[in-house]
Amino acid sequence: YMDGAMGSRGAWMLEAYADRPTGPDGKPYTGLSVSSPDLIEAAAKHGLERGYQVCTHAIGDRGNREVLDAYERAMKASEPSISRNADPRFRIEHAQLLSLADIPRFAALGIIPSMQPTHCTSDMRWVDQRVGPERSKGAYAWASLLRNGSRLAAGSDFPVESHNPFLGFYAAVTRQDASGQPEEGWHPSERMTREEALRAFTLDAAYASFEETQKGSLTPGKLADFIVIDRDVMLCPPLEILGTQVLRTVVAGESVYQRVASPANPG
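Sequential numbering from -2 applies to the sequence shown in the numbering used here.
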């Protein structure tokens, strides 16, 4: 853990919170550093030397920058012995608020942003209050990360958010709440396409766990993991994505769930 959460003003910021500019000591209040950057760097070096993937929670723009810096220092220091982990796929969990200058660094360093789209639609009501409209341009910056070459792993952050992936898929492609607001989506330029969102929740999520040769797509030789749903989420009106029902679940070729039809619910 590099920092806390933005909602509680615990995320570590480069500048003071807009809605709490000073702390009890009268100094600019920029949130919490839960771990020292030196600790993150040491963990990253150990991961590179011993073949472990390192994943660090970071939410604020400074928290994310410090983790990127720590990972980068570790990679440079470990180059002579990097053969134990030549493809580390280090991750930053959440990456919710980024300085625009740091967005290209994820792809440049091979760092995976592991993000949860429903965080955006839960938090968008108050993000501008916390950090102001200028810094919020780097909040939940999915499209910018993708345009800069990142592979983005999408998830739910359950139990903080619902485990339902269709809520996340809807949030990713609309940046709207369940009533379709705001009309064009919050910071709509950061929306994912449906194809990008599907990949983030499937193939790139598998890649982020070193499982892309087994999972993430329906490809010969991989596990037969798939679901049957009651609508085409790639084509239906956006609001209809929210009501998607699973009719059947297959794991490794074995049917583990079958929805039972009833007179009231013949589907």
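Note that CB positions come from ideal geometry on N, CA and C, so glycine has one too.
Keep in mind that this is a model prediction, so the values were computed, not measured.
Cα-Cα separation, residue i to residue j
i, j, result
"residue 143", "residue 200", "14 Å"
"residue 125", "residue 54", "22 Å"
"residue 151", "residue 114", "7 Å"
"residue 184", "residue 174", "13 Å"
"residue 236", "residue 46", "47 Å"
"residue 106", "residue 85", "10 Å"
"residue 117", "residue 168", "7 Å"
"residue 129", "residue 91", "20 Å"
"residue 139", "residue 189", "7 Å"
"residue 80", "residue 255", "Its pLDDT being 48, under 50, residue 80 is placed unreliably by the model, and the measurement read from it follows with that caveat. Near 46 Å, if we compare the C-alpha coordinates of residue 255 and residue 80."
Where residue i sits in the DSSP three-state scheme
i, result
"residue 80", "At residue 80, the pLDDT of 48 sits below 50, so the modelled position is not reliable and the matter cannot be decided from this model."
"residue -2", "coil"
"residue 150", "strand"
"residue 252", "strand"
"residue 17", "strand"
"residue 72", "helix"
Classification of residue i by the beta-carbon crowding that lies within 10 angstroms, buried from 16 upward
i, result
"residue 233", "exposed"
"residue 171", "buried"
"residue 250", "exposed"
Range of the contiguous alpha helix (DSSP H) that encloses residue i
i, result
"residue 232", "Unbroken run through residue 232: none, as it is neither H nor E."
"residue 34", "34 to 47"
N- and C-terminal bounds of the beta strand (DSSP E) containing residue i
i, result
"residue 90", "88 to 91"
"residue 214", "Careful: residue 214 lies outside any beta strand (DSSP E) and carries neither H nor E."
"residue 225", "223 to 226"
Counting pairs of Cβ atoms below 8 Å between the region 94 to 102 and the region 130 to 149, do you hit three or more? yes
So, does the region 55 to 73 touch the region 33 to 46, judging by three or more C-beta pairs under 8 Å? yes
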